[in-house]
Every structure is written in structure tokens, then in C-alpha cells.
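Step one of this worksheet: look at the structure below.
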Amino acid sequence: MIFSLEHIDNPYPHYAAQREKHGIYFDEEMKAWIVLEHDLIVAAFKDARLSSDRVTKFRGKFSDEKLKPLFNTLSLLMLQRDEPDHTRLRNLVHYAFKRAAVDNYDDNIRRLARELLAPAIRSGEMDLVSDYAVPLPILVISEIVGIPGEDRKQFKAWCDAFSIVALNFYANISDEDLEAGAVAVQEFTDYLKEKVEKLHREPEDNLLSALIHAEEDGDKLCLDELVANTLLLLNAGNETTSCLLTNGTLALLRNPEELARLRENPELIRTAVEELLRFDSPPQFIGRMAAEEVDLGGATIGEGDLVLLVLGAAGRDPKTYEAPDELHIDRHPNHHVSFGSGHHICAGIQLARLEGRIAFEMLLETFSDIELATDDIKFGHNVNLRSPVALPLKLTPAQ
Numbered sequence: 061m062i063f064s065l066e067h068i069d070n071p072y073p074h075y076a077a078q079r080e081k082h083g084i085y086f087d088e089e090m091k092a093w094i095v096l097e098h099d100l101i102v103a104a105f106k107d108a109r110l111s112s113d114r115v116t117k118f119r120g121k122f123s124d125e126k127l128k129p130l131f132n133t134l135s136l137l138m139l140q141r142d143e144p145d146h147t148r149l150r151n152l153v154h155y156a157f158k159r160a161a162v163d164n165y166d167d168n169i170r171r172l173a174r175e176l177l178a179p180a181i182r183s184g185e186m187d188l189v190s191d192y193a194v195p196l197p198i199l200v201i202s203e204i205v206g207i208p209g210e211d212r213k214q215f216k217a218w219c220d221a222f223s224i225v226a227l228n229f230y231a232n233i234s235d236e237d238l239e240a241g242a243v244a245v246q247e248f249t250d251y252l253k254e255k256v257e258k259l260h261r262e263p264e265d266n267l268l269s270a271l272i273h274a275e276e277d278g279d280k281l282c283l284d285e286l287v288a289n290t291l292l293l294l295n296a297g298n299e300t301t302s303c304l305l306t307n308g309t310l311a312l313l314r315n316p317e318e319l320a321r322l323r324e325n326p327e328l329i330r331t332a333v334e335e336l337l338r339f340d341s342p343p344q345f346i347g348r349m350a351a352e353e354v355d356l357g358g359a360t361i362g363e364g365d366l367v368l369l370v371l372g373a374a375g376r377d378p379k380t381y382e383a384p385d386e387l388h389i390d391r392h393p394n395h396h397v398s399f400g401s402g403h404h405i406c407a408g409i410q411l412a413r414l415e416g417r418i419a420f421e422m423l424l425e426t427f428s429d430i431e432l433a434t435d436d437i438k439f440g441h442n443v444n445l446r447s448p449v450a451l452p453l454k455l456t457p458a459q
């Protein structure tokens, strides 16, 4: 199987071995087409016949009536919609992002990063995952959305449970994870209803209020769309960014010459973030459904077939990148697909880039030396958002 816990600590040699045999092939075990070549994945993103809607087909596999609200919410996610609904939702979300001035959040991100790093300055050590990479994105997106501090722990639990379902329901998921996702959606919906009623009466300066009041040509988000796409934005600004920070830090520490170059040339931080995204894509794959028969890379994909675009493999394709298994922080051009491609590029792309850039800048400015405290790095069990469960570091504060 292309996605396996056996390869979770480093799936890239496994991808390469499969890609050398086939750029696209049908996996009998997963009952899905696996696409491994960069250019084929870009072509698939652009092909309207490969539908984003995976819910319609796969919800039929799950007959439990308690799961119906969960799949209703999944079906309204912007990333599950085809045209014209996708553009409609995307325009309303973009309107809200502009109104909430999300791109001007530099100082707030720096403040939050500084607060999280302060204990490590005193102790000279930290677990990057639990002390920085996980809390920073949830703090940032919670402030932007307008979630009170006392609600953020519960908020993250809802997001985590929903994320597992959203990323894996069409590939491989347990009954327990589905049930946890259903509970999270119901509780989050109840929570948001109260917020929406208040913000309709008394608008605030945050993204949730902007989403509620977003309007284009008289069109607005209904409550169900608001619930679904608020969850989407929270997850896009949460786990994927945590993966970028964790996997990116690990990649830099395992490539000390590139880390030294970044310290000596901090102006390279923007290209460095793009290279870290290419080198170890936060989402490893994303699915599409064939709405009709499609020819891709010499393969004939049947109507109704599941297609898995392996973003992690695309980033290491030697047909697209010179020395793809090497980290080069000044790599250019770098047309990676870690945020998607075409119309379905991630809605929170600017925020993710901003947050990644500032988080790495603050880490390197705060500590003059960073070392792994152990070589025994264990990865979690999520084959899509693969990332270490802990990353203990020894730190020397900058003078």
C-alpha cells in the first residue's frame, strides 16, 4: 500500500520506487488511482472532470444515522465543492479575509511566538511540538477568528477530531474517529449558533464576524456553510501549519549547512519556507472523484473512481526538481503543490506563509544554537498529516 505506517517516518523512498514504475497506477488494496508525478498532479487539479466532491459517493458507505450531520457539514466545505459553488464560497471567504485584515497580523504573531518561546529561554530546552508548533497556530487562528481564550482548548479538540475525518474519510478511517468527528461537529455547531446570533446584533473586528457579514451580489453564507467553512479555516490554520513548523525545523536540523545559510542570509526566509513545504508537504495527499471517464498520463480513469494525488511525491519528482531529495533554501523556481493548485489552492495560503515565516524567524532570532536532544524521533499515526509527536530540543539563547 502506498500509505503505510511502515513508511511513516520517511515515505519518500517508497514514493520514488513506485513512481519509477508508474507515474499513475491503480492500487487494488485502496481501490483508488494513485498519482505520483508532479505534472500529472497539476493537470489533475486543473481538470474539472476530477471532482472535489468525495462526500456524495463515500457517505453511502456509512449508514449510521448519527453520522448524517457530519457528512452534511463535510459536503459544504469549500474544498469539497465544484463550480460554481466553489467560486461562490471562495469569494465570500476572501471578502471576509480582507475585511478582517488578516494579512496585517505580523505583530500579533510575533507577540504570541515571543510568549511561547520565553520559558525555553530560561530552561534551555523545549519540545518544539507541544511548546511551539502546536500552540502557536491555534493561538493565531483563534485570535483572528475571535475565539475567547477560555474556549481555545475545547476548540482545538473539536478541530482535531474534525480534521481526522475531513482528511481521511474517503481513504481509511475507523468508526471511533467518525463518531468523534460527529460529536465535534454537533458541539461546534451549537457553540457557533450562539456566537452568530450575538455577532449579527453586535459585529466585532474579527474573521468570524467578517464571515457572518460577508456578502457578494446579495449572497451570504448560510449557517451550515458558516459552520463548515469556519471549521475548514480553523483546520487550515492549525494542523497543517503545525506540520510545517515541526517538519520544517526537523529538516533544517538534519541539514545544518542549510540552517547555517539561513542564519547568515535571513532574507532567504521566504524561499526557505517554500522549500520546506516542497521538501516535506504538510498534507501528503488529497482526493478527487472522476465525474466522468478521464485519460490521465496514459491511464483511463473510470467514472466514479477515486483518485489520490500524492502531494508529497510531487515535491520529490526528479522530472520537475533538480536533486529533489536535497534541501536548498534558495531553490528557484519552486512550483510545489503543497497548497494545491489552480482554483483549489488553499484559501488561507497567505496566512500560512506569513505564520511560517515569522515562526521560523522568531525561533532563529531567539536561539543562537538549536540541537536535537535525541535522534529517536517518533511519528504519529496520521499518514496524511505526518509529523513527529515530539521534537525535544537543546537551546542556547541569543545574547
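Reading the sequence shown from the start, the letters are residues 61 to 459 in the working numbering.
A virtual CB, placed ideally from N, CA and C, is assigned to each residue, including glycine.
Here the structure is a predicted model, which means the values were calculated and not measured.
6 angstroms Cβ shell around residue i - same chain, five flanking residues per side excluded
i	result
D284	L136
A332	L322 and I389
L130	G241, A242 and V245
E318	L387 and I389
A180	M186 and L455
K106	G402
R391	E335
H396	L337, R338 and G375
K438	V449
D429	T456
A320	none
R119	F131
Cβ distance (whole Å) where residue i is taken to contact residue j below 8 angstroms
i	j	result
L432	D187	Rounded, the Cβ-Cβ distance is 11 angstroms, inconsistent with contact.
G347	V367	7 angstroms
A193	S111	Contact flag wrong, Cβ pair sits at about 33 angstroms.
S398	S341	4 angstroms
A274	L281	6 angstroms
L290	V205	The question names Leu, but residue 290 is Thr in the sequence shown. Going by Cβ atoms, the distance from T290 to V205 rounds to 7 angstroms, so yes, they are a contact pair.
H441	L65	6 angstroms
Paired residues, beta bridge with residue i - DSSP
i	result
E276	D279
L453	M186 and L432
G347	L368
I361	V354
F86	W93
S111	M349
P448	F439
F131	Paired residues: none, contrary to the question.
F427	P457
Own chain, CB closer than 8 angstroms to residue i, minus 5 neighbours either side, in chain order
i	result
V243	A221
Q140	S112, D113, R114, V115 and L134
L445	S223, L227, E299, T300, C303, P342, P343 and Q344
R417	I329, R330 and V333
G184	K454, L455, T456 and P457
E363	A350, A351, E352 and E353
I84	W93, I94, V95, L96, E97, L100, L356, G357, G358 and A359
Proximity of residue i and residue j at Cβ, strictly below 8 angstroms
i	j	result
L286	I272	yes
R79	D377	yes
L304	L328	no
G375	F339	yes
L268	L259	yes
I201	G297	yes
G357	E97	yes
L238	F122	yes
T360	E352	no
L421	P326	Checking the sequence shown, residue 421 turns out to be Glu, not Leu. Contact flag set, yes.
E203	N168	yes
V443	I198	no
D279	R148	yes
R109	A350	yes
Y72	D385	yes
C219	N132	no
Y155	E276	yes
Nonlocal neighbours in the same chain, by C-beta distance under 7 angstroms from residue i, ignoring five residues either side
i	result
L234	Reading off the sequence shown, one finds Ser at residue 234, where the question assumed Leu. There are no such residues.
K419	For the sequence presented, residue 419 should be read as Ala rather than Lys. Closer than 7 angstroms at the Cβ level, and outside the excluded window around A419, lie A173, L196 and L305.
P263	S269 and H273
R413	V333
Y251	none
K117	M349 and G364
Pair every Cβ in the stretch 101 to 108 with every Cβ in the stretch 208 to 219, then say whether three or more of these pairs are closer than 8 angstroms. Contact between the stretch 101 to 108 and the stretch 208 to 219 is absent: fewer than three C-beta pairs spanning the two stretches fall below 8 angstroms.
Under 8 angstroms: do the stretch 227 to 234 and the stretch 166 to 179 share three or more Cβ pairs, one atom per stretch? The stretch 166 to 179 and the stretch 227 to 234 do not touch, with fewer than three beta-carbon pairs separated by less than 8 angstroms.
Is it the case that the stretch 61 to 76 contacts the stretch 84 to 97, given that we only count it when at least three CB pairs across the two stretches are under 8 angstroms? The stretch 84 to 97 is in contact with the stretch 61 to 76.
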